[in-house]
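For reference, the structure is listed below as structure tokens.
2 protein chains.
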Amino acid sequence: MAERSTIYEVARSSGVSTATVSRVMHNSTGYSPATRERVLTAAADLGWVPSGSARGLAIRRAGIIGLLFPDFTSMGEAEEESPLYVDQVIRGAERAATAAGDAVLIAATRGTTGRDLAWSVAGKVDGLVVVARSLTQADLHSIARNLPITLLAHRGSRRANFDTVSVDNRSGVRALVEHLVTDHGCRDIVFVGGPARSPDSMERFAGFREALRGAGLPAPRSPHAEGAFTEAGGAHAVRALLVDRRHPDAIVCGNDEMAIGALAVLAIAKLRVPADVAVTGFDDIAAGRHIRPSLTTVRQPMRELGEQGVHSVLTRIGDPERRRLNAVLPTELVLRRSCGCRSAKPASTSARPAA
Amino acid sequence: MAERSTIYEVARSSGVSTATVSRVMHNSTGYSPATRERVLTAAADLGWVPSGSARGLAIRRAGIIGLLFPDFTSMGEAEEESPLYVDQVIRGAERAATAAGDAVLIAATRGTTGRDLAWSVAGKVDGLVVVARSLTQADLHSIARNLPITLLAHRGSRRANFDTVSVDNRSGVRALVEHLVTDHGCRDIVFVGGPARSPDSMERFAGFREALRGAGLPAPRSPHAEGAFTEAGGAHAVRALLVDRRHPDAIVCGNDEMAIGALAVLAIAKLRVPADVAVTGFDDIAAGRHIRPSLTTVRQPMRELGEQGVHSVLTRIGDPERRRLNAVLPTELVLRRSCGCRSAKPASTSARPAA
DNA sequence: GTTGAGTACGTAAGCGGTTACCTTATCGAA
DNA sequence: TTCGATAAGGTAACCGCTTACGTACTCAAC
Numbered sequence: 001m002a003e004r005s006t007i008y009e010v011a012r013s014s015g016v017s018t019a020t021v022s023r024v025m026h027n028s029t030g031y032s033p034a035t036r037e038r039v040l041t042a043a044a045d046l047g048w049v050p051s052g053s054a055r056g057l058a059i060r061r062a063g064i065i066g067l068l069f070p071d072f073t074s075m076g077e078a079e080e081e082s083p084l085y086v087d088q089v090i091r092g093a094e095r096a097a098t099a100a101g102d103a104v105l106i107a108a109t110r111g112t113t114g115r116d117l118a119w120s121v122a123g124k125v126d127g128l129v130v131v132a133r134s135l136t137q138a139d140l141h142s143i144a145r146n147l148p149i150t151l152l153a154h155r156g157s158r159r160a161n162f163d164t165v166s167v168d169n170r171s172g173v174r175a176l177v178e179h180l181v182t183d184h185g186c187r188d189i190v191f192v193g194g195p196a197r198s199p200d201s202m203e204r205f206a207g208f209r210e211a212l213r214g215a216g217l218p219a220p221r222s223p224h225a226e227g228a229f230t231e232a233g234g235a236h237a238v239r240a241l242l243v244d245r246r247h248p249d250a251i252v253c254g255n256d257e258m259a260i261g262a263l264a265v266l267a268i269a270k271l272r273v274p275a276d277v278a279v280t281g282f283d284d285i286a287a288g289r290h291i292r293p294s295l296t297t298v299r300q301p302m303r304e305l306g307e308q309g310v311h312s313v314l315t316r317i318g319d320p321e322r323r324r325l326n327a328v329l330p331t332e333l334v335l336r337r338s339c340g341c342r343s344a345k346p347a348s349t350s351a352r353p354a355a
Numbered sequence: 001m002a003e004r005s006t007i008y009e010v011a012r013s014s015g016v017s018t019a020t021v022s023r024v025m026h027n028s029t030g031y032s033p034a035t036r037e038r039v040l041t042a043a044a045d046l047g048w049v050p051s052g053s054a055r056g057l058a059i060r061r062a063g064i065i066g067l068l069f070p071d072f073t074s075m076g077e078a079e080e081e082s083p084l085y086v087d088q089v090i091r092g093a094e095r096a097a098t099a100a101g102d103a104v105l106i107a108a109t110r111g112t113t114g115r116d117l118a119w120s121v122a123g124k125v126d127g128l129v130v131v132a133r134s135l136t137q138a139d140l141h142s143i144a145r146n147l148p149i150t151l152l153a154h155r156g157s158r159r160a161n162f163d164t165v166s167v168d169n170r171s172g173v174r175a176l177v178e179h180l181v182t183d184h185g186c187r188d189i190v191f192v193g194g195p196a197r198s199p200d201s202m203e204r205f206a207g208f209r210e211a212l213r214g215a216g217l218p219a220p221r222s223p224h225a226e227g228a229f230t231e232a233g234g235a236h237a238v239r240a241l242l243v244d245r246r247h248p249d250a251i252v253c254g255n256d257e258m259a260i261g262a263l264a265v266l267a268i269a270k271l272r273v274p275a276d277v278a279v280t281g282f283d284d285i286a287a288g289r290h291i292r293p294s295l296t297t298v299r300q301p302m303r304e305l306g307e308q309g310v311h312s313v314l315t316r317i318g319d320p321e322r323r324r325l326n327a328v329l330p331t332e333l334v335l336r337r338s339c340g341c342r343s344a345k346p347a348s349t350s351a352r353p354a355a
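Protein chains in written order, with the numbering used here: chain A, 1 to 355; chain B, 1 to 355.
Given below as structure tokens:
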């Protein structure tokens, strides 16, 4: 690996000009079959890997879409790091980008801002998919002046001047709570939310309230307990909850990890799930299928979120003048044991299509 | 977002030459504090995102490391797709790259080869980390002529002319089996392997045999059953196994997902775990902690694998003449319920350091 | 006053592809 | 024979940065 070979070497060793090499590589016309052969073998012989930088500069397109997501590890101790669902989003983004002939560049934002961000990530891509609140408002707007950006799972995104793709948190929880009320006769239902300022948590709580009001039940102004979106967070919140009240009929948790934490605490408190109290989560992570009782939850199409995100920036790259697009992906109710259901067949819910 | 702004515009609007803008942006010397201010504000005002392609071309370094991993989804039906541990590897790679000021570009190889590969991925990066067998031998060697490549978890990699980072599969399983024999008195132990040609599976089986021989027990020439590295694969293999023999003392599975499949089949067969038969996995995926009985397994440092992989190519980029590096990461025995242990404290095992 | 060193810049030649525009050769039709 | 069309392929400008050099100016030392 002395030096990376260039198009000039390929041209020389096949006796043509670089223009012809370029033409052959792109299947355009203007060369004979014999020439084509010579160029192709020369390229293969050299193991030529064309410089993406040079090509990108020339055609003004790097062929790379960036995916930005939050990672808190290095910030808050060994805390929980970036949420599990990000993995799925990454996979989805990869798939969509590859299908479109692009590649995806990923980067966790650990407090990176401004100049660093622009140089280390933004400059290398043709567009950015940004998960949740991984970027400050300032950076978002600054970068958006030069690069297409699509926001993922960003609440209040309708308002903002961005393309967005989000998940129908509200309908998901609404369907879930309606199920608890209607099919399991629950009346006393509590909501254990994630971080108070989390957009996801707020939306889910909103769905919770809607369902209760719809059922003619009293709806609280704020979640009955809150904690981090982690097992520990859920455990802590439920522990606190049980201190000053009798156990409710059902505990609706902000996400699956919190629900798993809740299950652990309830087991210790000798409360049976679902006999004494039903428990539900949100996300549908893998662990929910294996834990006992298996977890009733709302499935988010995380992978699709990533796919649509990439799709969205690709679309805007293709047509910068197009009007803003705010897509909302449907969620799906997944009924398992922890709510009292026996079967595990999922029931489809919400479907408000892209706006 | 009319047109991406360039260094020329920054230069013009701050009244200096592009050389000076460049100097200011890189904190080198040769400008006055006043000039620095002017340039910086101009850049911020424009929201200038410098072209990574242009910069990459000029300094002959894209600042991107590629990570290639297998994904079989689109090839073999809705089969299982790329293994779960890849997510962890991705996270590790991202972290290491970001720490070094680079970014990571990910791409699943779904049969992509030759020319496409070179253009879509290889050309965009400064080096490649390749998971397992995501690339054909031919592509590997071809690309390696122009790009630093580090192989991950690639058996027989010692021989190959590549930098490698792998995991000590063999010692991991050896420690596991020794534990079953010594602490739980198992004699009749079977190995349920992954795909016959999987390097990982072969290495793990080798460790299995070593442990048995070391304990003076008869060691089989080949795994007692085999299947895909999935729940279905494990279930299928164990079902076949139980058809023509009495249940063994212990079933050592090729990975956690197979072990989970095994647990399901054993439950249906009314065999108690661990009372009647012990079951173990490999990998330590999250589900293993939640399933009942919790799964005894061997933890692979997946994240570290990704980190070391990136580290390795970065090192080689820095010093192309350096001699081959073959790192082997230690594994760790994780004792939980499924082997008969009560506690869940992990015991450290193997530690053969980098070679 | 001349010289030398140092500071603060500007100039322009790359980096490795792409592609608009030319040139040359070939061939059928007028 | 001449002409126009078409095929095959070369020339060189350009994409947006970096950086080796060159230049102008200041200041201290001789």
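By construction, the Cβ of each residue, glycine as well, lies at the ideal position given by its N, Cα and C atoms.
Residue burial classification, residue i (beta-carbon count within 10 angstroms, cutoff 16)
{"i": "Lys270(A)", "result": "exposed"}
{"i": "Arg342(B)", "result": "exposed"}
{"i": "Glu94(B)", "result": "buried"}
{"i": "Tyr8(B)", "result": "exposed"}
{"i": "Arg303(A)", "result": "buried"}
{"i": "Val243(A)", "result": "exposed"}
{"i": "His26(A)", "result": "exposed"}
{"i": "Gly288(B)", "result": "buried"}
{"i": "Pro148(B)", "result": "buried"}
Simplified DSSP assignment, three categories, for residue i
{"i": "Cys186(A)", "result": "coil"}
{"i": "Ile149(B)", "result": "strand"}
{"i": "Leu333(A)", "result": "strand"}
{"i": "Leu135(B)", "result": "coil"}
{"i": "Ala196(A)", "result": "coil"}
{"i": "Arg292(A)", "result": "coil"}
{"i": "Arg55(A)", "result": "helix"}
{"i": "Phe282(A)", "result": "coil"}
{"i": "Thr297(B)", "result": "strand"}
{"i": "Glu3(B)", "result": "coil"}
{"i": "Val104(B)", "result": "strand"}
{"i": "Cys341(A)", "result": "coil"}
{"i": "Ala215(B)", "result": "coil"}
{"i": "Val16(A)", "result": "coil"}
{"i": "Phe205(A)", "result": "helix"}
Sub-9 Å separation of residue i and residue j beta-carbons
{"i": "Leu325(B)", "j": "Arg299(B)", "result": "no"}
{"i": "Met202(B)", "j": "Gly233(B)", "result": "no"}
{"i": "Ile106(A)", "j": "Gly66(A)", "result": "yes"}
{"i": "Val125(B)", "j": "Gln308(B)", "result": "no"}
{"i": "Val313(A)", "j": "Thr109(A)", "result": "no"}
{"i": "Asp139(B)", "j": "Arg316(B)", "result": "no"}
{"i": "Gly227(A)", "j": "Ile260(A)", "result": "no"}
{"i": "Gly172(B)", "j": "Leu305(B)", "result": "no"}
{"i": "Val310(A)", "j": "Val16(A)", "result": "no"}
{"i": "Pro70(B)", "j": "Arg115(B)", "result": "no"}
Reference residue i, options the options, closest by Cα
{"i": "Pro223(A)", "options": "Arg209(A), Glu231(A), Gly216(A) and His236(A)", "result": "Arg209(A)"}
{"i": "Leu117(B)", "options": "Val192(B), Ala153(B), Ala97(B) and Leu68(B)", "result": "Leu68(B)"}
{"i": "Arg12(A)", "options": "Leu84(A), Ala42(A) and Thr230(A)", "result": "Ala42(A)"}
{"i": "Arg187(B)", "options": "Ala278(B), Val265(B) and Phe162(B)", "result": "Ala278(B)"}
{"i": "His123(A)", "options": "Arg110(B), Asp168(B), Ser53(B) and Phe282(B)", "result": "Residue 123(A) is actually Gly in this sequence, not His. When only C-alpha atoms are compared, the closest one is Ser53(B)."}
{"i": "Val181(A)", "options": "Ala215(A), Asp283(A) and Gly63(A)", "result": "Ala215(A)"}
{"i": "Gln88(A)", "options": "Ser338(A), Ala286(A) and Ala225(A)", "result": "Ala286(A)"}
{"i": "Thr6(B)", "options": "Val39(B), Ser28(B), Pro33(B) and Arg322(B)", "result": "Val39(B)"}
{"i": "Ala130(A)", "options": "Ala153(A), Gly63(A) and Gly111(A)", "result": "A quick correction: the sequence has Val, not Ala, at residue 130(A). Of the candidates Ala153(A), Gly63(A) and Gly111(A), the one whose C-alpha sits nearest the C-alpha of Val130(A) is Ala153(A)."}
{"i": "Pro248(B)", "options": "Ile189(B), Pro220(B), Gly111(B) and Ala19(B)", "result": "Ile189(B)"}
{"i": "Thr230(A)", "options": "Leu263(A), Ala34(A), Ala211(A) and Phe205(A)", "result": "Leu263(A)"}
{"i": "Leu217(A)", "options": "Asp45(A), Gly185(A) and Ala96(A)", "result": "Gly185(A)"}
{"i": "Ala34(B)", "options": "Ser28(B), Asp45(B), Ser14(B) and Ser22(B)", "result": "Ser14(B)"}
Original post:
Do the segment 192-201 of chain B and the segment 241-258 of chain B make contact, defined as three or more Cβ pairs closer than 8 Å?
Top reply: Touching, yes.
Original post:
Counting pairs of beta carbons, one from the segment 294-313 of chain A and one from the segment 298-318 of chain B, are three or more of them closer than 8 Å?
Top reply: When C-beta atoms of the segment 294-313 of chain A are compared with those of the segment 298-318 of chain B, fewer than three pairs fall below 8 Å, so the two segments do not count as touching.
**OP:** Would you check if there are 3 or more beta carbon pairs closer than 8 Å linking the segment 140-148 of chain A to the segment 47-56 of chain B?
**Re:** yes
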